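Plus 6 on top of the position in the sequence shown (first one is 1) and you've got our numbering. The beta-carbon is built from N, C-alpha and C at its ideal position, and this holds for glycine as well. Keep in mind it's a predicted model, so treat the numbers as computed, not measured.
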Amino acid sequence: MAKRNSLVAVWLVFVLTVPLQAQVNRYVVVFNNKQGSPYTISAPSQFLSQRAIDRRIRQGIAVEERDVPVLETNVAAVRSRGADVFFRSRWMNAVLIQCDVSLLPALRSLAVVDRVELVAPEARLAPNGRKRGEARIKATDAEVTDTQLSMVGIDAMQADGFQGQGLTIAVLDAGFPGVNTAPAFGALFAEGRIDLTVSHDFVYNTDNVFQYDTHGTEVFSVIAAHQEGVFTGGAYGARYQLYVTEDAANEYRIEEYNWLFAAERADSAGADIIQSSLGYYDFDDASMNYRKTDLDGKTTVITRAAQWAADRGIAVICSAGNEGAVSWQLITAPADAKGVLAVASVNSEKTRASSSSKGPSADGRIKPDVAAQGVSTSVIRANGGLGTVTGTSLAAPIITSLVAGVWQRYPDLTAAELLEAIRLSGSQAGKPDTLLGYGIPHYKTIENYFAQRRENPFRVYPNPVDDDSLRVRSYLPEEFDTCHVELLSPEGKRVIQKILYFSTQTPERVVDLSSLGTGLYICRITWPGGMVTQKLVRR
């Protein structure tokens with residue numbers, strides 16, 4: 007009897023432990039220090055490309071500790087516990103690992119570990135599926151391209167000779183099948199304008215990005231494809247980096263971390279622009295879901311990653327999301343990031359698509375930022391044929407193309423100044439809303455904006471003023487760093503006066519109107535060498 011009980015006990019131990027030992031998942035290990043690093047921010051060439059350093063210098067951005075690589079000793083400590091280390095994040099001071107769940111106690115006990123987070127169950131999964139909210143529509147009419155480009159003035163931009171030459175655009179998506187075979191992308195390979203030395207598949211950890219879901223191919227084509235008489239992308243003269251970060255078959259937080267790893271590689275390799283038509287808020291594991299209050303510009307992993315990229319002088323453009331007609335309704339992360347240009351969708355008649363996600367951000371900022379054609383947008387498919395696709399995913403690369411051409415036209419702009427110009431050239435910049443943001447921008451309006459801002463380098467808004475805050479922004483804070491603001495009654499009596507100081511870090515100031523009654527006033531702004539006046543209504 008005793009022998010039988012012993013056998014039963016052994017059998018139970020085997021049954022209960024084997025499944026546990028076989029449970030391999032993916033985790034992010036976040037470290038708590040970078041002390042003792044052999045790298046220093048005074049010698050950034052040890053861990054950043056010269057192009058990445060030049061981008062920072064050009065925009066007055068300092069290299070900081072967040073840019074320093076993860077400590078090798080920390081990585082070695084994780085490996086010593088039996089975990090496989092895949093990718094590293096300088097910005098989050100973390101690594102992505104794959105390991106058996108039984109190793110977690112040993113990993114969490116390491117003195118250098120701050121936390122270990124489950125980001126995806128099991129190991130790699132087979133690619134399949136389609137991005138939520140994207141509909142493919144059969145089409146053969148190439149003239150749709152003309153509308154989607156002319157709506158934002160890209161036709162005029164290209165006619166002026168600006169097709170993105172000299173700019174590097176990193177595209178983060180779900181795969182790029184057919185890009186290496188379709189004729190419309192042929193020039194990119196003939197001229198070596200896709201950087202295959204840095205392009206990477208972060209989902210399966212391979213260097214072959216020309217596979218998986220066609221979503222990325224279609225998005226990429228809106229920017230980069232060019233086939234005479236058939237299709238014209240918006241910035242077909244740029245250079246590109248391609249990154250697979252989205253696993254189209256599954257939704258887990260690992261995809262946010264994949265985006266982070268890709269953005270860091272893009273930064274290190276000197277990308278100027280990040281184009282991302284991906285958005286997140288719910289996952290296959292409901293415990294990973296975000297709440298609407300999390301869309302505050304500082305909470306979700308991908309939003310923080312996008313903001314870190316923007317802080318390093320990269321112009322980040324993303325889709326607003328396709329949740330406008332479902333219960334969620336709101337934008338998806340990273341569209342809530344402060345430094346990111348989130349793009350809504352309209353049709354060819356400039357009417358908002360009902361599926362386009364709404365704002366504002368959870369902390370009340372205007373989102374989305376701008377809009378472009380995302381209904382029946384023409385694309386090149388993986389088989390090289392022409393088609394149309396609907397969704398904000400297709401509106402975003404149109405704006406990315408515009409951003410590339412404008413930056414080529416005005417190369418001295420910082421990324422923040424560039425994106426601000428795009429916003430302020432929108433069709434409803436005077437009264438932005440939470441459906442289309444600042445509206446549909448246009449290349450010619452942007453040209454006018456830059457011409458006028460030297461004549462009047464300060465923007466005063468809103469007008470009319472419905473609350474107690476009148477905002478004054480210096481378009482060129484490095485040059486026009488101070489002004490004198492006066493509000494006068496219709497009879498010429500001064501009722502408010504204030505001196506405002508600006509910097510590149512603080513280009514906008516607020517004048518308190520709480521003591522001011524309703525009515526019509528004259529706003530007079532003076533600065534060394536100039537003065538402007540305008541009527542102002544206080545409601």
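Between which two residues does the alpha helix (DSSP H) harbouring Val307 extend?
Residue 307 sits at position 301 when you count from the first residue of the sequence shown. 307-317 is the extent of the alpha helix (DSSP H) around Val307.
Those residues which DSSP pairs with Ser325 across a bridge
What you label residue 325 is simply residue 319 of the sequence shown in a count that begins at 1. Paired residue(s): Val349.
Beta strand (DSSP E) runs wholly inside the segment 169-197, at least 3 long, in chain order:
174-179
Which two residues bound the contiguous alpha helix (DSSP H) that contains Gln164?
Along the sequence shown, read from residue 1 onward, the residue named residue 164 stands at position 158. Element bounds for Gln164: 160-165.
To which residues of the same chain is Leu526 closer than 7 angstroms at the C-beta, ignoring the five residues directly before and after it?
On the sequence shown, residue 526 is found 520 positions in, with the first residue counted as 1. Contacts found: Pro496, Lys541, Val543.
Taking Gln379 and Gln41 to be in contact with their CB atoms under 8 angstroms, please state how far apart those CB atoms are, rounded to whole angstroms.
What you label residue 379 is simply residue 373 of the sequence shown in a count that begins at 1. What you label residue 41 is simply residue 35 of the sequence shown in a count that begins at 1. That belief does not hold up - the Cβ atoms of Gln379 and Gln41 are roughly 51 angstroms apart, past 8 angstroms.
Determine, using beta carbons only, whether Ala388 and Thr220 come nearer to each other than 7 angstroms.
Mapped onto the sequence shown, residue 388 falls at position 382. Mapped onto the sequence shown, residue 220 falls at position 214. Yes. Within cutoff.
In its own chain, which residues sit with a C-beta less than 7 angstroms from the C-beta of Glu70, not counting the 5 before and 5 after it?
Residue numbering aside, residue 70 sits at position 64 when the sequence shown is read from its first letter. Hits under 7 angstroms: Ile47.
Is Leu284 helix, strand or coil when you go by DSSP?
Mapped onto the sequence shown, residue 284 falls at position 278. Three-state DSSP puts Leu284 in coil, outside helix and strand.
Asn11 by DSSP, collapsed to three states: which one?
By one-based count along the sequence shown, residue 11 stands at place 5. For Asn11, the pLDDT reaches just 42, beneath the cut-off of 50, and the residue's location in the model is therefore unreliable, although a value from the coordinates is still provided. Helix, per DSSP.
Can you give me the C-alpha to C-alpha distance between Val517 and Ala422, rounded to a whole angstrom?
Walking along the sequence shown from the start, residue 517 turns up at place 511. Walking along the sequence shown from the start, residue 422 turns up at place 416. Straight-line Cα distance between these residues: approximately 23 angstroms.
Taking 6 angstroms as the cut-off, is the beta-carbon of Val543 closer than that to any non-hydrogen atom of the ligand ADP?
Absent from the structure shown: the ligand ADP. Ligands present: none.
On the three-pair Cβ rule with 8 angstroms, is the segment 360-374 touching the segment 324-344?
yes
Pairwise C-alpha distance: Ile200 and Met5
Because residue 5 is not part of the residues shown, which for the chain are 7 to 545, the question remains open.
Taking the beta carbon of Met98 as the centre, do at least 16 other beta carbons fall within 10 Å, making it buried, or is it exposed?
Position 92 of the sequence shown holds residue 98. It counts as buried.
What number of angstroms, rounded off, separates the C-alpha of Ile103 from the C-alpha of Leu124?
The residue labelled residue 103 in the question sits at position 97 within the sequence shown. The residue labelled residue 124 in the question sits at position 118 within the sequence shown. Going by the C-alpha atoms only, they are around 10 angstroms apart.
Which one or two residues does DSSP pair with Asp90 in a beta bridge?
In the sequence shown, residue 90 corresponds to position 84, counting from 1. Gln104.
When we look at the beta-carbon of Met537 and count the other beta-carbons within 10 Å, is it buried (16 or more) or exposed?
Residue mapping note: residue 537 aligns to position 531 of the sequence shown, counting from 1. Burial call: exposed.
Taking the CB atoms as reference points, tell me whether Ala241 and Ser384 lie closer together than 7 angstroms.
Here residue 241 is taken as the residue at index 235 of the sequence shown, counted from 1. Here residue 384 is taken as the residue at index 378 of the sequence shown, counted from 1. In this structure, Ser384 does not lie closer than 7 angstroms to Ala241 by Cβ.
Assigned exposure category for Ala117 - 16 Cβ within 10 Å defines buried
The residue labelled residue 117 in the question sits at position 111 within the sequence shown. When all chains shown are included, Ala117 counts as exposed.
Using DSSP bridges, identify the partner residues of Ser480.
Numbered from its first residue, the sequence shown carries residue 480 at position 474. Phe464, per the DSSP bridge assignment.
How is the alpha helix (DSSP H) around Asp120 delimited, first residue to last?
Walking along the sequence shown from the start, residue 120 turns up at place 114. No alpha helix (DSSP H) holds Asp120; the beta strand (DSSP E) holding it covers 119-126.
Kindly indicate the opening and closing residues of the beta strand (DSSP E) around Val36.
Here residue 36 refers to the residue found at position 30 when the sequence shown is read from its first residue. From DSSP, the beta strand (DSSP E) with Val36 extends over 30-37.
Can you pull the DSSP bridge partners for Met537?
Stepping through the sequence shown from its first residue, residue 537 is reached at position 531. In DSSP, Met537 forms a bridge with Thr532.
Can you say whether Pro438 is buried or exposed, counting buried as having 16 or more other CB atoms within 10 angstroms of its CB?
For the purposes of this step, residue 438 is taken as the residue at position 432 of the sequence shown. Under this definition Pro438 is a buried residue.
Is Gly411 closer than 7 angstroms to Phe168 when the C-beta atoms are compared?
One-based indexing of the sequence shown puts residue 168 at position 162. One-based indexing of the sequence shown puts residue 411 at position 405. Their beta carbons are under 7 angstroms apart, which means Phe168 touches Gly411 by this criterion.
Given Phe216 as reference, the closest of Gly184, Lys356, Ile279, Asp472 once Cα atoms are compared
Position 210 of the sequence shown holds residue 216. The residue with the shortest Cα to Cα distance from Phe216 is Gly184.
Put Ile505 into one of helix, strand or coil per three-state DSSP.
Residue 505 sits at position 499 when you count from the first residue of the sequence shown. Three-state DSSP puts Ile505 in a strand.
Looking only at its own chain, which residues have a Cβ that is under 8 angstroms from the Cβ of Pro483, when we skip the five neighbours before and after it?
On the sequence shown, residue 483 is found 477 positions in, with the first residue counted as 1. Same-chain partners within the cutoff: Phe508, Ser509, Thr510, Thr512, Pro513.
Going by the CB atoms, is the gap between Val34 and Tyr263 shorter than 7 angstroms?
Stepping through the sequence shown from its first residue, residue 263 is reached at position 257. Stepping through the sequence shown from its first residue, residue 34 is reached at position 28. Yes, the pair counts as a contact, with Cβ atoms nearer than the cut-off.
Measure the alpha-carbon distance for Phe191 versus Ile405 and round it to whole angstroms.
Translated into the one-based positions of the sequence shown, residue 191 becomes position 185. Translated into the one-based positions of the sequence shown, residue 405 becomes position 399. Each residue's Cα considered, the two are about 20 angstroms apart.
Indicate the three-state DSSP secondary structure (helix, strand or coil) for Leu392 in the structure shown.
Reading the sequence shown from its first residue, position 386 is the one you call residue 392. Three-state DSSP puts Leu392 in a strand.
Measure from the alpha carbon of Val501 to the alpha carbon of each residue in Gly523, His448, Cys489, then state which is nearest.
As a working note, residue 501 is residue 495 in the sequence shown. The shortest C-alpha separation from Val501 is found at Gly523.
Quick one: give me the first and last residue of the alpha helix (DSSP H) that Glu270 is part of.
For the purposes of this step, residue 270 is identified with residue 264 of the sequence shown, where counting begins at 1. Where Glu270 is concerned, the enclosing alpha helix (DSSP H) stretches over 260-274.
Determine the burial state of Gln281: buried for a count of at least 16 other Cβ atoms within 10 Å of its Cβ, exposed for fewer.
On the sequence shown, residue 281 is found 275 positions in, with the first residue counted as 1. Classification of Gln281: buried, given that the 10 Å Cβ count is 16 or more.
Compute the Euclidean distance between the alpha carbons of Tyr444 and Leu113, then round it to the nearest angstrom.
Counting from 1 along the sequence shown, the entry for residue 444 is found at position 438. Counting from 1 along the sequence shown, the entry for residue 113 is found at position 107. Going from the Cα of Tyr444 to the Cα of Leu113 covers about 48 angstroms.
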